[in-house]
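Take the sequence shown: its position 60, counting from 1, is numbered 803 in my numbering, and each next residue is one higher. Here a beta-carbon is modelled for each residue, glycine too, at the ideal position from N, C-alpha and C. Step one of this worksheet: look at the structure below.
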Amino acid sequence: MNSANVESTTNPASAAPSGPAKDPRIIALRRFAISISVFNILGHTVLGFEPSWATPLAAMAVAYVMELGLETLDAWATRRPVKYAGGPVALMNFLMPAHITALACAMLLYANARLGPVVFAVIVAVASKYLIRVRIGGRPRHVLNPSNFGIAVVLVLFPWVGIAPPYQFTEWVGGPLDVAIPALILAAGTMLNAKLTRKMPLILGWLGVFALQALIRTPIEGTATLSALLAMSGVAFVLFTNYMITDPGTTPVRPRNQVFFGASTAVVYALLVHIHVVYGLFFALVIVCVLRGAALAVMGARQRATAQPAPLTEPKAVPRPAPARGGVLATGEEAK
């Protein structure tokens, strides 16, 4: 999720800027962190989350240690001040992406009673921000959605680990709450993305092409259109749409590029479903992020190559005519 993802929302090493409270990035991070924290608390007490309480607690502890440790090492290696310096508020702002990443992994992965896979997902997620970077605008930035990448790696390495069952988000409630909970999450996420992250073009591109691929798969695969579209009505899909795919740190800024990013993710998802790959949402986002990162790396390399000044060359010496016999040949300045 962003981190917002809500997986992490800023550049790789500066996981969270410690700027003024009115900074939209800080406001977005805080609201993401509050939202996912409240949702996890309600999930374990009211909604019916399957993992134990130990899962989010262990995930958060590991995420904090990893984020602080890697930032300290990175600051030492690059000879710069650590980004969590400046008091409790700066430290809190810095740790918010790690907090979001930890809760996202703990909420979305299901490893039965084992903590190891979830902890490993958190380690991979946080480490990816420091190890997988592309130089953009002269600064190294992470290009992989941290939470999504950590989850995808665990799903590949541990086949017995799965995504949390969709019913867990409303397992202990019924009646109108079955509709009210997704509606509230949708409304909160939409307001956050419309006013702060400004990722509505990405969401529209993602939703539009996702619905389109569901219609196209009907004549090609014989999939019931309603069944393919019903995935969009679940809490898990709403969370992915509003809090995972819209990670500000790993998605484009320009509206046109946002639409292309969202549409590309839906197309890759359709291809993965066509070849019977499970958990296609997470793998599709990883693939699109990797392709975008590769494109940015190539563009950055070309820009640096064209920006390099031409090598300085020694001016060629012009032979000076020998003076006439019995006289001295004057230069232009001497002649004046």
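Between the C-alpha atoms of residue i and residue j, what's the straight-line distance to the nearest angstrom?
i	j	result
residue 965	residue 765	51 Å
residue 809	residue 862	11 Å
residue 786	residue 792	5 Å
residue 922	residue 799	26 Å
residue 850	residue 1049	46 Å
residue 801	residue 1023	27 Å
residue 868	residue 768	20 Å
residue 1038	residue 882	16 Å
residue 887	residue 880	17 Å
residue 1045	residue 990	27 Å
residue 812	residue 980	33 Å
residue 1003	residue 949	9 Å
residue 1035	residue 936	21 Å
residue 1012	residue 840	26 Å
residue 899	residue 860	11 Å
residue 865	residue 1018	29 Å
residue 806	residue 956	36 Å
If you run the structure through DSSP and keep just helix, strand and coil, what is residue i?
i	result
residue 831	helix
residue 986	helix
residue 852	strand
residue 877	strand
residue 1045	helix
residue 966	coil
residue 858	coil
residue 1023	helix
residue 819	helix
residue 814	helix
residue 1018	coil
residue 1036	helix
Since residue i contacts residue j with CB under 8 Å, what's their CB separation in whole angstroms?
i	j	result
residue 940	residue 771	5 Å
residue 982	residue 891	In fact, because the Cβ distance is near 12 Å, the residues do not count as touching under 8 Å.
residue 912	residue 894	Not quite, the Cβ-Cβ distance comes to about 16 Å (not below 8 Å), so this is no contact.
residue 889	residue 844	5 Å
residue 896	residue 854	Not a contact, Cβ separation roughly 13 Å.
Does the distance between the C-beta of residue i and the nearest non-hydrogen atom of the ligand FMN fall short of 8 Å?
i	result
residue 892	The model on display carries no ligand, and the ligand FMN is accordingly not part of it.
Who pairs with residue i in a beta bridge, going by DSSP?
i	result
residue 725	Only positions 744 to 1079 of the chain appear in this structure, which leaves residue 725 out of reach.
Can you confirm whether residue i, when its beta carbon is compared against all beta carbons of chain C, has any partner nearer than 9 Å?
i	result
residue 1011	The structure shown contains no chain C; it holds only a single protein chain.
4 or more residues per run - each alpha helix (DSSP H) lying fully within the segment 881 to 952 = 889 to 900, 920 to 935
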